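Novice:
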Amino acid sequence: MTKAQILDEALVLLLQRGLKRFSVSELAERLGVVKSALYFHFPGGKSAIIEGVFGREEERVLAAMEQAVAGPGTCKEKLHALITAKLDSVVTLARLYGVSASVTGELAAHFRTSRRSFLERERKLLRRVLAEGMAAGEIRQLDVELLASGLQAGLFEVAEKAALEQNASAKDLAGLFVDVLFSGIGQGGGQ
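According to the numbering used here, the sequence shown holds residues 10 to 200 in order.
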């Protein structure tokens, strides 16, 4: 039994049960091992396993977002790629494991309060893309920190909604998000 195998099954259980109903006993049963085998790999028990799951998934999402903006492109293209990468990760997990609305809400609340490191790293990536866009004259000179924070907050809400939508397309949602960002919501777009 490896840590990766434990985290794989723990992810499934978390997405099905939520944080409150997640149980180390049930995880051990699903894996066909005794609880002490899990504590060997995760001495901190339930909280350490949950931390391991979130940490691993956050790294995957951040890596996908980083890769999405690694190549050449305009600020708009990079934001579209970055947002698509994030939403695709969220939508894929939600669909794969049939995440319920109550679990989505519970995980989103936990994420807002407990996952500061990920949020700061994501905001830093957004700041970088926005600053590049400002330097290239593609977007107006604005408070990049405030802009990145606002963009991140909107993206968080869109990601939570996308997790609940059975027919949500990450690419389409990202396109709409970026279109509103660059063209506004008024009649006639950015005119």
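Backbone N, C-alpha and C define an ideal beta-carbon position, used for all residues, glycine too. No experiment lies behind these values; they were computed from the predicted model shown.
1. So, at 8 angstroms on beta carbons, what are the nonlocal neighbours of Ala19 in its own chain, with the 5 sequence-adjacent residues on each side left out?
2. Do Gly27 and Leu116 have their CB atoms nearer than 8 angstroms?
3. Any idea what DSSP makes of Met10, helix, strand or coil?
4. Three-state secondary structure (DSSP) at Phe51?
5. Report the rounded CA-to-CA distance for Arg65 versus Arg125, giving the unit in angstroms.
6. How is Arg132 classed by DSSP in three states: helix, strand or coil?
7. Taking DSSP as the reference, what is the three-state secondary structure of Gln76?
8. Got a sec, what are the start and stop residues for the alpha helix (DSSP H) Ile194 sits in?
9. Once you ignore the five residues that flank Arg136 on each side, which residues in its own chain have a CB closer than 7 angstroms to its CB?
10. Check whether the region 103-117 and the region 185-192 are in contact - that is, three or more C-beta pairs closer than 8 angstroms.
11. Rounded to whole angstroms, how far is the Cβ of Ala243 from the Cβ of Val108, which I believe are closer than 8 angstroms?
12. What's the C-alpha gap between Leu71 and Phe51?
13. By the DSSP assignment, the alpha helix (DSSP H) with Ile92 in it spans what residues?
14. Residues in the same chain with beta-carbon distance under 6 angstroms from Lys180, minus the five sequence neighbours each way, listed in chain order, please.
15. Measure the alpha-carbon distance for Leu16 versus Val112 and round it to whole angstroms.
Specialist: Considering the structure as presented:
1. Translated into the one-based positions of the sequence shown, residue 19 becomes position 10. Taken in chain order, the residues that qualify are Phe31, Leu36, Ile58, Ile59, Gly61, Val62.
2. As a working mapping, residue 27 is identified with position 18 in the sequence shown. As a working mapping, residue 116 is identified with position 107 in the sequence shown. Yes, Cβ-Cβ distance for Gly27 and Leu116 is below 8 angstroms.
3. For the purposes of this step, residue 10 is taken as the residue at position 1 of the sequence shown. Met10 falls in the coil class under three-state DSSP.
4. Position 42 of the sequence shown, counted from the first residue, corresponds to residue 51. Residue state, collapsed to three classes: coil.
5. Position 56 of the sequence shown holds residue 65. Position 116 of the sequence shown holds residue 125. If you take the alpha carbons of Arg65 and Arg125, they lie about 15 angstroms apart.
6. Working through the sequence shown from its first residue, we reach residue 132 at position 123. DSSP places Arg132 within a helical segment (H, G or I) once states are collapsed to three.
7. Counted from its first residue, the sequence shown places residue 76 at position 67. Helix at Gln76.
8. The residue given as residue 194 occupies position 185 in the sequence shown. Counting along the chain, Ile194 falls outside any alpha helix (DSSP H), and DSSP gives it neither H nor E.
9. Counted from its first residue, the sequence shown places residue 136 at position 127. The residues are Val153, Glu154, Ala157.
10. No, the region 103-117 does not touch the region 185-192.
11. With the chain running from 10 to 200 in the structure shown, residue 243 is simply not present.
12. Within the sequence shown, the letter at position 62 stands for residue 71. Within the sequence shown, the letter at position 42 stands for residue 51. Taking the CA atoms as reference points, Leu71 sits about 24 angstroms from Phe51.
13. The residue you call residue 92 lines up with position 83 of the sequence shown. Note, Ile92: alpha helix (DSSP H), 84-106.
14. Position 171 of the sequence shown, counted from the start, is the residue given in the question as residue 180. Shown here for Lys180: same chain residues with a beta carbon closer than 6 angstroms to its own, the five before and five after excluded, namely Thr93 in chain order.
15. Sequence index remark: in the sequence shown, residue 16 carries index 7 (1-based). Sequence index remark: in the sequence shown, residue 112 carries index 103 (1-based). So the alpha carbons of these two residues sit roughly 18 angstroms apart.
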